[in-house]
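Colleague: Quick one: the structure is below, questions incoming.
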Amino acid sequence: MDKYIIRGGRRLIGEVEISGAKNAAVAILPAVILADEPCVIENVPDISDVSICLRILDEMGAKVDMLSPTSYRIDPTTIHSFCVPYESARRMRASYYFLGALLGKYKQARVSMPGGCPLGDRPIDQHLKAFSAVGARCTIDHGMVDLSADRLTGNQIYLDVVSVGATMNAMLAAVRAEGLTVIENVAKEPHIVDLANFLNTMGADIMGAGTDVIKIRGVSKLHGATYSVIPDQIEAGTFMCAAAATGGDVLVKNVIPKHLESITNKLQKIGVVVEEFDDAVRVTVDGPLVKTSIKTMPHPGFPTDMQPQMAALLCLAEGTSIIKEGVWEQRFRYAEELRRMGADISVDGKVAVIEGVGSLMGAPVKACDLRAGAALIIAGLAAKGITEIEDIFHVERGYSNMEGKLQALGADIVKKNVPGASVKKALA
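Written as structure tokens, this is what we have:
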């Protein structure tokens, strides 16, 4: 097992290149299954969730060739299995996108219930509702989801809750169905639009991605395509918070500033200076940080995946900040770890109250999930003394070469192997 060791107190200065979006890549890679020809996917982030996706494709028979560290050629025409191996699927939540892709192409799929970060109940009832609407038979037995259909037919689908995963899976299942599918109350995140753009590049007929209603006219075949994944807005936001927490001066490159608006607005409200360029933002701090209130919401609201990082930053701000979590039940599990570093955070259900303490102290802590790990890194960079972060396999699920990028900005951070730690923990 690896851990990060951070000697805090150094300003981050320089430029950082943002990788492709995790949440887009883990849907686009399974979507390649729907093609009748090979596809080339570019700007793919080098993260463990992507590695698992690629391994699943390989285990099902697809031919996967690395063209560069961020580019892959995938030939789905050699797939011979419609079952996603249990051990691979249980390690990532996004494994459920293989359900929609396999159903859409082969009219059958078998995938274990998804794993990933422990953020509370993550039901897939809306996914199954969408699959049933287009004609699939759905059963869950011993933790495996089985789908089958004689044919897929377009239909009206209304999602009872706004769900990114259900929206994407409904798109995957409907894109080759017969007739028109109309999906209402859908998620509108940038990675929804990215998936739709990729499918359209292959010849799909999808309209309305990014709005409340998506209309899909099914097509009989999809051709190969070359497509570049959008930049990761959450990785960008994480580096923006890290720059602010250290009083740094960082140019965050390869971003779409429009995707960062909700993050940028909150940072500016607490006193961070954010300058926008065509494909970059510059983050500086020229005065004290001040309190704010945040409520996480589906896009275009403030993203839940940026909530822990902002909380770490608000520990350094003057006054009392309040964060209301509107998406995941257990998103505040990191609060206890930040308290070890001197933070003053009290949590009541889905509400956290943060009293700014001005400075944090290094301490041994554990990452309890992906974004919590990012928050602890930010806290460690700003803290006095040494912070040791365990269970960083969570971080590596969604951030490519985090320590290398931070080192290039002047951070004193190293990744160290810890002999004797349980490998089983990393696979849980």
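The numbering used here numbers the first residue of the sequence shown as 1 and each following residue consecutively. The beta-carbon is built from N, C-alpha and C at its ideal position, and this holds for glycine as well.
By the 10 Å Cβ neighbour count, where 16 or more other Cβ atoms means buried, how is Pro-30 classified, buried or exposed?
Modeller: Sequence index remark: in the sequence shown, residue 30 carries index 30 (1-based). By the neighbour-count rule (16 or more Cβ atoms within 10 Å), Pro-30 is buried.
Colleague: Could you tell me the alpha carbon to alpha carbon distance between Gly-9 and Lys-405, rounded to whole angstroms?
Modeller: Within the sequence shown, numbered from 1, the residue matching residue 9 stands at position 9. Within the sequence shown, numbered from 1, the residue matching residue 405 stands at position 405. For Gly-9 and Lys-405, the distance between alpha carbons rounds to 17 Å.
Colleague: Leaving out the 5 sequence neighbours to the left and right, which residues in its chain are closer than 7 Å to Ala-177 when beta-carbon positions are compared?
Modeller: One-based indexing of the sequence shown puts residue 177 at position 177. Once the five neighbours on either side are set aside, the close Cβ partners of Ala-177 are Val-134, Leu-152, Thr-153, Gly-154 and Gly-218.
Colleague: I need the DSSP call for Gly-14, collapsed to helix, strand or coil.
Modeller: As a working note, residue 14 is residue 14 in the sequence shown. Three-state DSSP puts Gly-14 in a strand.
Colleague: Assign Asn-23 to one of two classes, buried (16 or more other C-beta atoms within 10 Å of its C-beta) or exposed (fewer than that).
Modeller: Walking along the sequence shown from the start, residue 23 turns up at place 23. Counting Cβ neighbours within 10 Å, Asn-23 comes out buried, since at least 16 surround it.
Colleague: Look at the alpha carbon of Ala-311 and the alpha carbon of Glu-337, and state the distance between them as a whole number of angstroms.
Modeller: Locating residue 311 in the sequence shown gives position 311, counting from the first residue. Locating residue 337 in the sequence shown gives position 337, counting from the first residue. Going from the Cα of Ala-311 to the Cα of Glu-337 covers about 12 Å.
Colleague: Relative to the C-alpha of Phe-332, which residue among Leu-316, Gly-319 and Leu-370 is closest?
Modeller: Residue numbering aside, residue 332 sits at position 332 when the sequence shown is read from its first letter. Considering only alpha carbons, the answer is Leu-370.
Colleague: Going by CA-CA distance only, name the one from Pro-38, Ala-245 and Asp-205 that's closest to Leu-289.
Modeller: The sequence position of residue 289 within the sequence shown is 289, counting from 1. Among Pro-38, Ala-245 and Asp-205, the Cα nearest to that of Leu-289 belongs to Ala-245.
Colleague: Grab me the residues of Thr-296's own chain with a C-beta within less than 6 Å of its C-beta, minus the 5 sequence neighbours each way, in chain order.
Modeller: Numbered from its first residue, the sequence shown carries residue 296 at position 296. Excluding residues within five positions, the ones whose Cβ falls inside 6 Å are Phe-302, Thr-304, Gln-307, Glu-325, Gly-326 and Val-327.
Colleague: Would you mind working out which of Arg-11, His-80 and Met-113 sits nearest Leu-102, comparing C-alpha positions?
Modeller: By one-based count along the sequence shown, residue 102 stands at place 102. With distances taken between Cα atoms, Leu-102 lies closest to His-80.
Colleague: Is there contact between the region 34 to 48 and the region 66 to 83, where contact requires at least three CB pairs shorter than 8 Å?
Modeller: They touch, by the three-pair rule.
Colleague: Is there contact between the region 160 to 173 and the region 88 to 97, where contact requires at least three CB pairs shorter than 8 Å?
Modeller: Because the criterion of three Cβ pairs below 8 Å is met, the region 160 to 173 and the region 88 to 97 touch.
Colleague: Three-state secondary structure (DSSP) at Asn-43?
Modeller: Looking up residue 43 in the sequence shown gives position 43. Coil, per DSSP.
Colleague: Short check: CB of Cys-315 to CB of Val-272, under 8 Å?
Modeller: Here residue 315 corresponds to residue number 315 of the sequence shown, with the count starting at 1. Here residue 272 corresponds to residue number 272 of the sequence shown, with the count starting at 1. The answer is no: Cβ separation not under 8 Å.
Colleague: Could you tell me the boundaries of the alpha helix (DSSP H) in which Ala-242 lies?
Modeller: As a working note, residue 242 is residue 242 in the sequence shown. It spans 233 to 245 - the alpha helix (DSSP H) in which Ala-242 sits, taken as one unbroken run.
Colleague: Going by DSSP, what residues sit across from Cys-83 in a beta bridge?
Modeller: Residue mapping note: residue 83 aligns to position 83 of the sequence shown, counting from 1. Cys-83 is bridged to Arg-110.
Colleague: Quick check: is any heavy atom of the ligand NAD less than 7 Å from the C-beta of His-394?
Modeller: The ligand NAD is absent from the structure shown, which contains no ligands of any kind.
Colleague: Would you grab the beta carbon distance between Ile-386 and Ile-5 for me? Rounded to a whole angstrom, and I think it's under 8 Å.
Modeller: Walking along the sequence shown from the start, residue 386 turns up at place 386. Walking along the sequence shown from the start, residue 5 turns up at place 5. Right, their Cβ atoms sit about 7 Å apart.
Colleague: Give the straight-line distance between the Cα atoms of Ile-47 and Arg-397, rounded to the nearest whole angstrom.
Modeller: Along the sequence shown, read from residue 1 onward, the residue named residue 47 stands at position 47. Along the sequence shown, read from residue 1 onward, the residue named residue 397 stands at position 397. Between Ile-47 and Arg-397, the C-alpha separation is close to 5 Å.
Colleague: Of all the options Met-66, Thr-70, Glu-59 and Ile-52, which has the alpha carbon lying nearest to the alpha carbon of Arg-91?
Modeller: Here residue 91 refers to the residue found at position 91 when the sequence shown is read from its first residue. Out of Met-66, Thr-70, Glu-59 and Ile-52, Ile-52 has the C-alpha closest to the C-alpha of Arg-91.
Colleague: Just the C-alpha distance for Ala-62 and Ile-41, rounded to the nearest angstrom, thanks.
Modeller: The residue given as residue 62 occupies position 62 in the sequence shown. The residue given as residue 41 occupies position 41 in the sequence shown. Cα to Cα, the separation comes out at about 14 Å.
Colleague: Alpha carbons only, please: which of His-142, Ala-408, Ser-228 and Ala-374 is nearest the one belonging to Lys-3?
Modeller: The residue you call residue 3 lines up with position 3 of the sequence shown. The shortest C-alpha separation from Lys-3 is found at Ala-374.
Colleague: Assuming Thr-77 is part of the beta strand (DSSP E), what are its boundary residues?
Modeller: In the sequence shown, the residue the question calls residue 77 occupies position 77. Counting along the chain, Thr-77 falls outside any beta strand (DSSP E), and DSSP gives it neither H nor E.
Colleague: Which word fits Gln-309, buried or exposed, when buried means at least 16 other C-beta atoms lie within 10 angstroms of its C-beta?
Modeller: On the sequence shown, residue 309 is found 309 positions in, with the first residue counted as 1. By the 10 Å Cβ count, Gln-309 comes out buried.
Colleague: Just to confirm before moving on: does the CB-CB distance between Ala-21 and His-191 stay below 8 Å?
Modeller: By one-based count along the sequence shown, residue 21 stands at place 21. By one-based count along the sequence shown, residue 191 stands at place 191. The answer is yes: Cβ separation under 8 Å.
Colleague: For Ala-352, report the span of its beta strand (DSSP E) as first-last.
Modeller: Walking along the sequence shown from the start, residue 352 turns up at place 352. Looking at the DSSP string, the run of the beta strand (DSSP E) that includes Ala-352 is 351 to 355.
Colleague: So the beta strand (DSSP E) Thr-284 belongs to, where does it begin and stop?
Modeller: Start at 1 with the first residue of the sequence shown, and residue 284 comes out as number 284. Taken as a continuous stretch (DSSP letters only), the beta strand (DSSP E) holding Thr-284 covers 280 to 285.
Colleague: Taking the C-alpha atoms as reference points, what is the distance between Asp-412 and Val-281?
Modeller: Sequence index remark: in the sequence shown, residue 412 carries index 412 (1-based). Sequence index remark: in the sequence shown, residue 281 carries index 281 (1-based). Computed Cα separation, rounded: 23 Å.
Colleague: Hey, out of Gly-248, Glu-276, Gly-247 and Ile-270, whose CA is closest to Leu-260's CA?
Modeller: For the purposes of this step, residue 260 is taken as the residue at position 260 of the sequence shown. Considering only alpha carbons, the answer is Glu-276.
Colleague: So Leu-12 and Ala-243 are supposed to be a Cβ contact under 8 Å. How far apart are they, rounded?
Modeller: As a first step, residue 12 is located in the sequence shown; it is residue number 12 there, counting from the start. As a first step, residue 243 is located in the sequence shown; it is residue number 243 there, counting from the start. At roughly 5 Å, the Cβ-Cβ gap stays under 8 Å, so Leu-12 and Ala-243 are in contact.
Colleague: I'd like the list of long-range same chain contacts for Pro-257, defined as Cβ closer than 7 Å, with 5 residues on each side in sequence excluded.
Modeller: Translated into positions along the sequence shown, residue 257 becomes position 257. If we look at Pro-257 and ignore the five residues flanking it on each side, its Cβ neighbours are Glu-276 and Val-281.
Colleague: Relative to the C-alpha of Ser-148, which candidate in Val-44, Ala-109 and Val-182 has its C-alpha closest?
Modeller: By 1-based counting over the sequence shown, the position of residue 148 is 148. Of the candidates Val-44, Ala-109 and Val-182, the one whose C-alpha sits nearest the C-alpha of Ser-148 is Ala-109.
Colleague: Check each candidate in Val-285, Ile-263, Glu-329 and Thr-284 and name the one with the smallest Cα separation from Ile-294.
Modeller: Reading the sequence shown from its first residue, position 294 is the one you call residue 294. Here the closest residue by C-alpha is Ile-263.
Colleague: Closer than 8 Å by C-beta to Asp-212: which residues in its own chain qualify, once you throw out the five before and the five after it? Chain order, please.
Modeller: Position 212 of the sequence shown holds residue 212. The residues are Glu-184, Asn-185, Val-186 and Lys-188.
Colleague: Would you mind sorting Leu-251 into buried or exposed? The rule is 16 or more other CB atoms within 10 Å of its CB.
Modeller: Within the sequence shown, the letter at position 251 stands for residue 251. When all chains shown are included, Leu-251 counts as buried.
Colleague: Identify which residue in Arg-7, His-394 and Gly-14 has its Cα closest to the Cα of Leu-409.
Modeller: Locating residue 409 in the sequence shown gives position 409, where the first residue counts as 1. It is Gly-14 whose Cα lies nearest to the Cα of Leu-409.
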